[in-house]
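Numbering (UniProt numbering), first residue to last: 1 to 339. Note that the Cβ used here is the ideal one computed from N, Cα and C, for glycine as well.
Below, the structure is given as structure tokens:
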């Protein structure tokens, strides 16, 4: 019975030790992934922003509220990819304009690495777009290095350099800064007088964007918990001369949005820690205890028969010669007496 118990404990212990390794080095990589059913709303505010208002035919100044809604396309999220749709609207609270611009983006990316993949009709404002670099998320286990991050306005990826560590909403985060050089995003035809030139003839202008995007990333989950944007978009004639502001703003994420993203990052951190650290450690410790217990039981069982053999009584020696001759001596004595 003891031998059976020892073998069972040793077998279970070995299984748990193996399972700990599988969870840590294989299952964790399969279980830790971006969600297909993503849904979230984030908001940014830009005080004193400037933009060219087409209805007013002039540049206005106002406090803007930028609302970004992200929704996962579960049906198209298959295998290693997830697909997210994003809708952004901008409202001018100062000039009471509820919708000065709208934009949309459909992105597909690897749910393990966060890098863009080409599929599923990815587009920006309905126009097909080939994306590259990180999209929405940084990799799980973000490192202190430079990453290529896709920029929707410029429609291409630019380096986001690691610039330091900070604390946001109680979380230790890595700060990355992406600087986008002057990039032409659109060519338009506008009346000359709208951009400060003489005459009413149509002139071609390029919309040129440059700016800085700052990401504050919780490194374990790769989740940006805060984002700041400094945007400078201008209208330039073909000779390269800046003729008018198109959009100029310093936008910062609201405290409420930061708190919500930080809460999601904490949940992701806890899940990752459970899968990569806590579960493997518990399985390993329990497995070692059971395996050692099983070995100890088997060792004790093997030791007992050996001890029993050492203590087994030896056979008693045969009777001594003196005692065996006693009857003959008695007979001789008796014979002598009769004589």
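Could you name the residues that DSSP lists as bridge partners for residue i?
i           : result
residue 245 : 234
residue 39  : 71
residue 105 : 86 and 124
residue 66  : 44 and 90
residue 59  : 52
residue 226 : 216
residue 149 : 134 and 158
residue 293 : In DSSP, residue 293 forms no bridge with anything.
residue 413 : For the chain, the structure presents residues 1 to 339; residue 413 sits outside this window and is missing.
Contact defined as beta carbons within less than 8 Å: I believe residue i pairs with residue j. What is the distance between those atoms, to the nearest angstrom?
i           : j           : result
residue 211 : residue 180 : 5 Å
residue 62  : residue 94  : 3 Å
residue 160 : residue 216 : Actually they are not in contact, since the Cβ atoms of residue 160 and residue 216 sit about 11 Å apart, beyond 8 Å.
residue 100 : residue 51  : 6 Å
residue 168 : residue 258 : 7 Å
residue 274 : residue 20  : With a Cβ gap of about 13 Å, residue 274 and residue 20 do not count as contacting.
residue 70  : residue 86  : 5 Å
residue 235 : residue 195 : 6 Å
Among the candidates the options, whose CA atom is the shortest distance from the CA of residue i?
i           : options               : result
residue 225 : 155, 256 and 161      : 256
residue 178 : 129, 200, 281 and 146 : 146
residue 268 : 164, 196, 182 and 137 : 137
residue 120 : 73, 170, 142 and 154  : 73
residue 173 : 143, 155 and 182      : 143
residue 76  : 96, 285 and 35        : 35
residue 238 : 184, 126, 153 and 295 : 184
residue 149 : 128, 163, 213 and 22  : 213
residue 139 : 200, 59, 280 and 32   : 32
Is there contact here, the stretch 239-254 with the stretch 262-278, by at least three beta-carbon pairs under 8 Å?
no
Counting beta carbon pairs with one atom in the stretch 99-118 and one in the stretch 79-89, are three or more of them shorter than 8 Å?
yes
Under 8 Å, with one C-beta from each stretch per pair, do the stretch 203-213 and the stretch 229-247 reach the 3-pair mark?
yes
Touch test, the stretch 286-296 against the stretch 7-21, Cβ-Cβ under 8 Å, three pairs minimum
yes
What beta strand (DSSP E) runs, 3 residues minimum, are completely inside the stretch 154-208?
156-168 and 171-191
Three or more C-beta pairs below 8 Å linking the stretch 189-201 and the stretch 215-232
no
Closer than 8 Å is the cut-off here; do at least three beta carbon pairs connect the stretch 44-55 with the stretch 3-12?
no
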